[in-house]
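Novice: The structure's right below; bear with me while I get my questions together.
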Amino acid sequence: MTAAVGIVDLAFAAPSGRLATADVEAVWQSGSAKRSGVRERAVLDPDADVITLAAEAARRLAPLPSNIGAIFFGTQSSPDLSRSAAAVLADMLGIAPAVFATDVRFSGKSGTAALAMAIAWVRAGFSEYALAVGADALCLRAAPGDPLEMTAGAGAACVLVGNTNIAARFEALASTASDAADGFRLEGDPYVRSGGAGFASSGIGDLQHMVGAWKLLLARLGDGADFAAVAAQQPDGRLTGRLARAAGIDAELFAGGSVAPMLGDLGAASPLAALLRQMEERQPGDRVGLLSYGFGAGSDALSFIVERPIEAGSFHQAIGRRRPVDYATAVRWEGRYRRHAHPLSVFE
Amino acid sequence: MSQNVTARPVVAGPARAWRTRRNRYGLVGSHCPTCQSCSFPPRRRCPRCVDAVQEETVFSGRGTVICLAEDHSPLVGHGDRAPRPFAMIRLEEGPVLMAEVVDAEYDGLAPEQPVEMVIRKWRPEQSGLALYGFKFRVAS
């Protein structure tokens, strides 16, 4: 029998700026604001990126144990194409240089992919603790006028995985992946593109992979697997409803983990933020599911048994630290216009 | 002989950024075991009792605002930024430093307000990389 491994702590951070989807709708008249199920989304500050968001979330895990052996940084919106965000974060957290650090990328499921790797790392006995990060700033990757511009937010979640003092014991994992280009971003293109209405209306991509992973997970758990809550990917406020119908999951199980209506699509951070919310109200012995989706396409389904609840103070603080931002300010902060590489000040 | 004059400012390169990273990321200062005073940035000799034996220490990142000012004349690399608040901040451990206060408007800040450290981008370097470092915001 393998030794127990699981989530020791979980924390979240998001920018304070909020843009109402109605403000974007007023500019572009696309008619999709209500359909998205997102009231407002996070707006990234001009001096922030996924690394600063992850550093902020990780500081909420404090005190971090000194023997973290690995950092897996899951993101699809790293500021650098080759430099490792995980290595920069390791230095920011004071745990460099004796640490294994790597970035993990699979669009929206980058965060759960990083978590699965951290669990495998600790389970293999490479170190007592590992840090998994799911962080995205999709608002930088949404084209002006694209429906994604209304929903694409920013946020980061950090998960401390370990083999002692476990809050949620890892139970099982099932994944699916196949070539379904329902979303993509090409080299040199700053913006994510949708694969078209055919994918969105048919569920090929999201529902196909998520339902597939969920059924595989249930098969691995065997008969009688009863879930108290499920934390799911939320690219918008509607996917969990569609998923409930398609996978036969009670919609009430998703209710406690709602994230997208207040913050928008958090990409790799989305399912982990939902998991943090779901962990707050749980009782020891509860089974919690985690179900992610990344366009391209793939899904991870994980199950955990709760040993103690985790306070979601960092999530409530992130929600409470809210500054309304108008569309013009969001455009400026998120750099939607091509500008001079080095704007001069009055002294230059 | 004419000199090669450039309109671009001389800013730190990746090597200099590497040398200064610990202070920028972690508020690493010094503690004097003789008189118990703390300094930031770290000192080789205690500015209070001049003892030459100093211990490295990582500050908590919590402090209070002493006084505030709004920057209307942006520094190098910030030509496109709106006015933003800066504060003199006394850290819990004693040292005083100046830093930008984020997630807040100048009018919403006041002396004695508790603040906490966050890491944000200071400025883009000429190489294109971002230089990260400490800033502060109103404590949770």
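So the sequences go chain by chain: Z and L.
In terms of this note's numbering, the first sequence opens at residue 4 and continues consecutively.
In terms of this note's numbering, the second sequence opens at residue 27 and continues consecutively.
Idealized CB from N, CA, C, for every residue including glycine.
Owing to the predicted nature of the structure, the values given are computational and were not obtained by experimental measurement.
Buried or exposed: which applies to Z:Leu-275, given that a residue is buried once 16 or more other Cβ atoms fall within 10 Å of its Cβ?
Specialist: Buried.
Novice: Between which two residues does the beta strand (DSSP E) holding Z:Lys-37 run?
Specialist: Element bounds for Z:Lys-37: not the beta strand (DSSP E) but the alpha helix (DSSP H), 36-39.
Novice: Alpha carbons only, please: which of L:Val-54, L:Arg-71 and L:Phe-66 is nearest the one belonging to L:Val-79?
Specialist: If we check each option's Cα against that of L:Val-79, L:Arg-71 comes out closest.
Novice: Are there 16 or more other CB atoms within 10 angstroms of the CB of Z:Tyr-340, so buried, or fewer, so exposed?
Specialist: With fewer than 16 other Cβ atoms within 10 Å, it is exposed.
Novice: To the nearest angstrom, how far is it from the Cα of L:Arg-107 to the Cα of Z:Lys-112?
Specialist: One C-alpha to the other measures close to 34 Å.
Novice: Quick check on Z:Ala-160 - is its C-beta less than 9 Å from some C-beta in chain L?
Specialist: For Z:Ala-160, the answer is no, since every Cβ of chain L falls outside 9 Å of its Cβ.
Novice: Helix or strand or just coil, what does DSSP make of L:Thr-32?
Specialist: Model confidence at L:Thr-32 stands at a pLDDT of 43, short of 50, so the residue's coordinates are unreliable; what they give is reported in the following sentence. Reduced to three states, the DSSP call for L:Thr-32 is coil.
Novice: Output the distance between the C-alpha atoms of L:Leu-157 and L:Glu-151, rounded to the nearest integer angstrom.
Specialist: Approximately 6 Å, taken between the alpha carbons.
Novice: So Z:Asp-268 and Z:Tyr-194 are in contact, right, with Cβ under 8 Å, and what is the actual spacing, rounded?
Specialist: With 8 Å as the limit, Z:Asp-268 and Z:Tyr-194 do not qualify as a contact, their Cβ atoms being about 14 Å apart.
Novice: With a threshold of 9 Å between beta carbons, is Z:Glu-59 in contact with chain L?
Specialist: With 9 Å as the cut-off, Z:Glu-59 counts as an interface residue toward chain L.
Novice: Whole angstroms are fine: how far does the CA of Z:Ala-222 sit from the CA of Z:Pro-238?
Specialist: Distance between the alpha carbons of Z:Pro-238 and Z:Ala-222 is about 26 Å.
Novice: How is the alpha helix (DSSP H) around L:Arg-47 delimited, first residue to last?
Specialist: Residues 40-52.
Novice: Just reading off the beta strand (DSSP E) that L:Arg-179 is part of, what are its end residues?
Specialist: Absent from the model: residue 179 of chain L. The displayed extent of chain L is 27 to 166, so no value can be given.
Novice: Can you list the residues of chain L that Z:Arg-324 reaches, using a CB-CB cut of under 7 Å?
Specialist: Those within 7 Å of Z:Arg-324 in chain L are Asp-129.
Novice: Taking just the CA atoms, how far does L:Ala-113 sit from Z:Ala-263?
Specialist: If I take the Cα positions, the gap works out to 34 Å.
Novice: Quick check on L:Phe-66: does DSSP put it in helix, strand or coil?
Specialist: If DSSP states are grouped into helix, strand and coil, L:Phe-66 belongs with coil.
Novice: When the cut-off is 9 Å and only beta carbons count, does L:Arg-47 lie next to chain Z?
Specialist: Chain Z, which has a Cβ nearer than 9 Å to the Cβ of L:Arg-47, makes this yes.
Novice: Using a Cβ cut-off of 7 Å, pull out every chain L residue sitting near Z:Gly-156, in sequence order please.
Specialist: Going along chain L, no residue has its Cβ under 7 Å from Z:Gly-156, so there is no contact; the nearest lies around 16 Å.
Novice: Let me confirm a value: Z:Trp-124 is counted as buried when at least 16 other C-beta atoms fall within 10 Å, else exposed. Which label applies?
Specialist: Per the 10 Å Cβ criterion, buried.
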